[in-house]
Each structure stands twice: as C-alpha cells, then as structure tokens.
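Take 328 as the starting number for the sequence shown in my numbering and just add one per residue.
Even for Gly, the Cβ is constructed at its ideal location relative to N, Cα and C.
Just below is one structure, and these are the notes that go with it.
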Amino acid sequence: MKLVFYGAGNMAQAIFKGIIDSKILNHNDIYLTNKSNENTLKSFAKELGVKYSYDDAFLLKDADYVFLGTKPHDFETVASRIKSHIQSDHRFISIMAGLSINYIREKLETNNPVARIMPNTNAQVGHSVTGISFSGNFDPHSKDEVTELISAFGSVIEVDEEYLHQVTAITGSGPAFLYHVFEQYVKAGTSLGLEKKQVEESIKNLIIGTSKMIERSDLSMEQLRKNITSKGGTTQAGLNELDRHDIESIFKACLDAAVHRSIALSKSEDE
Ligand SMILES: NC(=O)c1ccc[n+]([C@@H]2O[C@H](COP(=O)([O-])OP(=O)(O)OC[C@H]3O[C@@H](n4cnc5c(N)ncnc54)[C@H](OP(=O)(O)O)[C@@H]3O)[C@@H](O)[C@H]2O)c1
C-alpha cells in the first residue's frame, strides 16, 4: 500500500509516525511532501526512512491513499498540484478541519472516494479519538483499511459527515476543555495551603490514575464515582457543592459554543 502525505506538519507527523510505530505499513510505503521546507522532509527521511519528493507525478503514481494534511487555506494550492495527476483508484483522506467532502471533490475536480477525519492532539501519544466520515462511494474494504490506519494512533468513531462538528467539539477541542478543568482544580488545590508543585504533581498522577481506572474497569464512570462516595462523607460533601453549580449545563454551553463555531468556520472555508 502506498500512502502520500501532502503536508508534513504537526498533525500529519502524529499520523505517519503512529502508522510506522504500529508496523501496519513499512516506512518505505510512506511518501511525504510539503510546501517548501525541505529540511523537515530530509530529517523525516533520515529519522524514519520515509521517502519525500516535490514531484507530484512521482508521488501520486500508484498511490492508494492521499492524505490532505495542510491548513484549510492552503488546500486550493494543493488541489492545483494534485488534480492533473489523479488516477481512478486514488482515495483521499482529509485531515483539514471544516472543508466538506463536496468542496474537496470540487477543488480536486474528481468524484474519487474521500474520507474526512477529525483527530485530536492526543494522536501524538497514540491516543487520539478520531471522528471519520466517508463519501458514499468508499468501498467496504477501503473503509476497513482506512480505519486500521487511523487506529494506529488511537480510537476511531465513524459518523455521518454532518456530525463531524459535534466530534470536533467533544473530542477535537476536548483536550483543551479538560486541561482547563484540571488547571482550575490545581488552582483550587493550591489555595488549600499545599505547595503548588506538590499539588500539580499530585493532580497529574490523580488524572493518570483515574484514566487508567476508567480504561481498565468494566464499570461506568457513574458507578466508579458511586463506589467511592459514602453517604455523609467528605466526597459526598464536595460532590454536593459541584451539583449546586450545575456542571452539566456549563459543559453543555461549552460544547454548544464549539459546535456553532465549527459550523460557522466550515461555512466560511467552503465559500
Ligand atoms: N493540530 C491539531 O491538533 C489538529 C487537529 C485536527 C485537525 N487538524 C488539521 O490538520 C491540518 C494541519 O494542521 P497542522 O497543525 O498539522 O499544520 P502545520 O503544522 O502548520 O502543517 C502544515 C503543513 O502543510 C504544508 N503545506 C502548506 N502548503 C502546502 C502545499 N501547497 N503543498 C504541500 N504542503 C503544503 C506545510 O509545509 P511547509 O512546512 O513547507 O510550509 C506543512 O507541512 C489543518 O487543516 C487542521 O485543521 C489539526
């Protein structure tokens, strides 16, 4: 299988490094290109054994999957590099936020299969939650291949394209929302009189440990919480206070705002 990456920036790197690490593909099957920063490509070729080129005919000849990994505003230039070299069996995978499958096809002047993925930054540690949508003409075998490639850097959730906005809000922006909550927890913890460094270290380990409990337990998060909340105890006292502030509606407003912004951005990108 031959994979070509147009764009070798932060997100594309997380993807091709994840694919190489998971040994789904050999590094020889991965080809990179970017706009002009050849030193970056050279260092990936040296470090990972991947190939790179600026010759589009060479890159796209017999390619199976073409990753579109630039910023959305650079896509028109990329499309003009690609379109005259498209073969009927090329399948495209876009990581560009906000650009619809229809828009991508229109700019590439093709009806070839296109998948859109919405990874998150945890791809860098192999734990992205990646939303994926396929155009209707993606055959089942290719869908399985793409899902396997994407699983190399985390878990995958397939949704209709219109729901990628929700995925963008819940898991795309999700790491930032959780970091923000953890930051407030550190601030509140520090106010109790312990040293900031001690509190930060303790909360970091608390988050890691709690994540592992969620990962390894068959119980729901609700049940895990109930199991450690004794009636009239300290945990119950703290939880009562959280409930008084209706945390759910705060998160609902946060996610609604992110969904609305994603929809607005996609409208302006597609214009
Ligand atoms: N970062 C995230 O957490 C995240 C999450 C979800 C989705 N995304 C999406 O991922 C995409 C890439 O984001 P990023 O943060 O990885 O960007 P980035 O680090 O800025 O990388 C952009 C890459 O595109 C290349 N490029 C620009 N114009 C090109 C052209 N005409 N032909 C070929 N390559 C070209 C750049 O090459 P040069 O270095 O030579 O300029 C660079 O390698 C965006 O569309 C974003 O919406 C990112």
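beta-carbon residue i near ligand 1 non-hydrogen atom, thresh 6 Å
| i | result |
| --- | --- |
| V331 | no |
| N361 | yes |
| K378 | no |
| P502 | no |
| K398 | yes |
| A442 | no |
| G453 | no |
| G600 | The structure shown does not extend to residue 600, since the chain spans only 328 to 598, so no value can be given for it. |
| G481 | no |
| I535 | no |
| I431 | no |
| V526 | no |
| T437 | no |
| A591 | no |
| P467 | no |
| G458 | no |
| I422 | yes |
| D383 | no |
| A372 | no |
| T448 | yes |
| T404 | yes |
| N532 | no |
| A335 | yes |
| N301 | Residue 301 cannot be examined here, being either before or after the span of the chain that is shown, 328 to 598. |
| D401 | yes |
| M338 | yes |
DSSP bridge partner residues for residue i (one or two, in chain order)
| i | result |
| --- | --- |
| F394 | F332, I420 |
| T457 | V483 |
| Y379 | L359 |
Unbroken beta strand (DSSP E) run spanning residue i, endpoints
| i | result |
| --- | --- |
| I497 | No beta strand (DSSP E) holds I497; DSSP gives it neither H nor E. |
| A442 | 441–445 |
| I357 | 357–360 |
Bounding residues of the alpha helix (DSSP H) (the contiguous stretch that carries residue i)
| i | result |
| --- | --- |
| Q525 | 523–543 |
| T633 | One cannot answer for residue 633 here, as it falls past the ends of the chain, which runs 328 to 598. |
| T556 | From DSSP, T556 is part of no alpha helix (DSSP H); its letter is neither H nor E. |
| S427 | Looking at the DSSP string, S427 is not in any alpha helix (DSSP H), and its letter there is neither H nor E. |
| Q451 | Unbroken run through Q451: none, as it is neither H nor E. |
| I413 | No alpha helix (DSSP H) contains I413, which DSSP labels as neither H nor E. |
| P467 | 467–478 |
| K388 | Unbroken run through K388: none, as it is neither H nor E. |
| I342 | 337–348 |
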